[in-house]
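All remarks here apply to the structure that follows.
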Amino acid sequence: MARLEDFIRLNVGGSVLTAKRSTLCQIKDSKLAAMFSQATENDLDRDKDNNIFLDLNPEYFGMILNYLRAKSISQRKFTVQFPKLRPEEVKPFSELAMQLGLEKEFSLDITKFTLRGKWITIRDNSAEHTGHNQGVGYALSDIHAEGIIRWQLRLKSIQSQMFIGVVKADTEPYDNRSYDMQGSYGWLLKVGKNDIGSAWNNGDEIYSLIADIKTGDTVELLLNSVSAKMSLAVSPVREFHMFLPNCEAGWRLHINLFQKHDLIQILSP
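According to this note's numbering, the sequence shown is numbered sequentially starting from 26.
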C-alpha cells in the first residue's frame, strides 16, 4: 500500500533522485499527484534498477521538485521562492508545468502597469481612477509573450463595475472604453448578486454572468499562452474560462476602471 511517507527513487531524463511521496502528491488534483497515487504508480515505466522513469527535462523537473520541497515546510503560501528562469526557458518550463498539472502554482513574471488612458493614475503595480466620476479609463501591463502567467488582483476599491482581461500587445486602444475593441478578451464584472456582467471575446459580448464582487476581493486571472486560453477565478466556487487566438506579439493585462476612486492592485507572487 502506498504511504505518503514513502521515499521514491526517480530517474528523470537520466538523472536519479529521491523524493518523498508526500512531496510529489502535495498539489491535490494535479497530474503529478495522480501519477504517484496507489492506483497508478504501478503503471509507470521503470529503468533497469527499478527506479521510476520519467522522460522529462531533469533541470526543469528539479526546479519544480525543489519548489514543492520548500512549499511543504513553508508556513505561508507566498514565502516560497518561484523558479528563476531565463527568457528562453519560460516556454519549455511552462509546458512541463502544464504537463504535470501544476500551471496554477507558477507565476513566471512580476507584472507592472505601464500604459494608461485618460483619468487613470498608475504606480507600478496599481492603477487608480483619479479623474471624472463617470469616465471610463484603461490600464495595461507590460507584455507577456510566452508561458503561463498568474495575476492575483486585489480590488481595493470598486464602485459598480470593472473589466479584467487581456489585450493583444500589438493592439492600440482607440478609446478609453477599451474592453469592447477588437483584440480585447475578458470579463466585465459587476458588484452585487443582482447586477449582470458579461464576457467579451475580441470586442464582442458573448454571454452574461453574475460575478458578485465587492471592494476588498482578490481575484485570479490565469493566462496560458501555451494552450491559448485563460481563466478568471472570482471566488473558490465561481470561475470563468475563455479560449484565445494565438498571438505572437504577446498579451497585456487589461483593466478598465469606470468611476473615480476605483483602484486595483497586482499582488506580487
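C-beta atoms are modelled at their ideal positions from N, C-alpha and C, and glycine is treated no differently.
Cβ neighbours of residue i in the same chain (closer than 7 Å, five flanking residues each side left out)
i: residue 193; result: 208, 272, 274, 276
i: residue 32; result: 43, 45
i: residue 69; result: 60, 77
i: residue 267; result: 210, 224, 226, 254, 255
i: residue 80; result: 38
i: residue 177; result: 243, 245, 292
i: residue 315; result: There is no way to answer for residue 315, as the model of the chain reaches only from 26 to 294.
i: residue 84; result: none
i: residue 269; result: 210, 253, 254, 255
Beta-carbon proximity of residue i to residue j, cut-off 9 Å
i: residue 86; j: residue 37; result: yes
i: residue 248; j: residue 175; result: yes
i: residue 48; j: residue 111; result: no
i: residue 225; j: residue 257; result: no
i: residue 51; j: residue 58; result: yes
i: residue 288; j: residue 181; result: yes
i: residue 127; j: residue 40; result: no
i: residue 125; j: residue 89; result: yes
i: residue 136; j: residue 234; result: no
i: residue 205; j: residue 228; result: yes
i: residue 82; j: residue 108; result: no
Same chain only: Cβ atoms within 6 Å of residue i, ignoring 5 sequence neighbours per side
i: residue 230; result: 223
i: residue 285; result: 154, 158
i: residue 146; result: 153, 155
i: residue 102; result: Note that residue 102 has pLDDT 44, beneath the 50 cutoff, so the model's placement of it is unreliable and no number is given.
i: residue 140; result: 165
i: residue 122; result: 128, 131
i: residue 143; result: 162, 201
i: residue 100; result: Note that residue 100 scores 49 on pLDDT, short of 50, meaning its location in the model is unreliable; the coordinates nonetheless yield the value given after this. No residues qualify anywhere along the chain.
i: residue 72; result: 36, 78
i: residue 138; result: 147, 152, 164, 166
i: residue 26; result: Its pLDDT being 43, under 50, residue 26 is placed unreliably by the model, and nothing is read from it.
Per DSSP, cross-strand counterpart(s) of residue i
i: residue 276; result: 169, 193
i: residue 37; result: 40, 79
i: residue 245; result: 177, 258
i: residue 186; result: 215
i: residue 45; result: 32
i: residue 210; result: 191, 226
i: residue 15; result: Residue 15 lies beyond the range of the chain shown here (26 to 294); nothing can be said about it.
i: residue 281; result: 163, 188
i: residue 234; result: 222
i: residue 267; result: 255
i: residue 153; result: 146, 288
i: residue 138; result: 166
Beta-carbon separation (whole angstroms), residue i vs residue j, contact threshold 8 Å
i: residue 17; j: residue 117; result: A question about residue 17 goes unanswered here, because the residues of the chain that appear run from 26 up to 294.
i: residue 166; j: residue 283; result: Contact doesn't hold; Cβ gap of about 19 Å is too wide.
i: residue 250; j: residue 120; result: Residue 250 to residue 120, Cβ: 11 Å. No contact.
i: residue 189; j: residue 280; result: 6 Å
Beta-carbon proximity list for residue i, same chain, < 8 Å, skipping 5 on both sides
i: residue 238; result: 180, 183, 187, 214, 215, 216, 244, 259
i: residue 168; result: 194, 274, 275, 276, 277
i: residue 221; result: 215, 233, 234, 235
i: residue 264; result: 256, 257, 258
Near the ligand MG: residue i beta-carbon under 8 Å from a heavy atom
i: residue 123; result: Looking at this structure, you won't find the ligand MG or any other ligand, since it has none at all.
Problem set entry | Inter-stretch contact at 8 Å, needing at least 3 Cβ pairs: the region 141-154 / the region 234-246 | no
Exercise. Any chance the region 63-78 sits against the region 123-132, with 3 or more Cβ pairs inside 8 Å?
Worked result: No, because fewer than three Cβ pairs between the region 63-78 and the region 123-132 fall closer than 8 Å, the two stretches do not touch.
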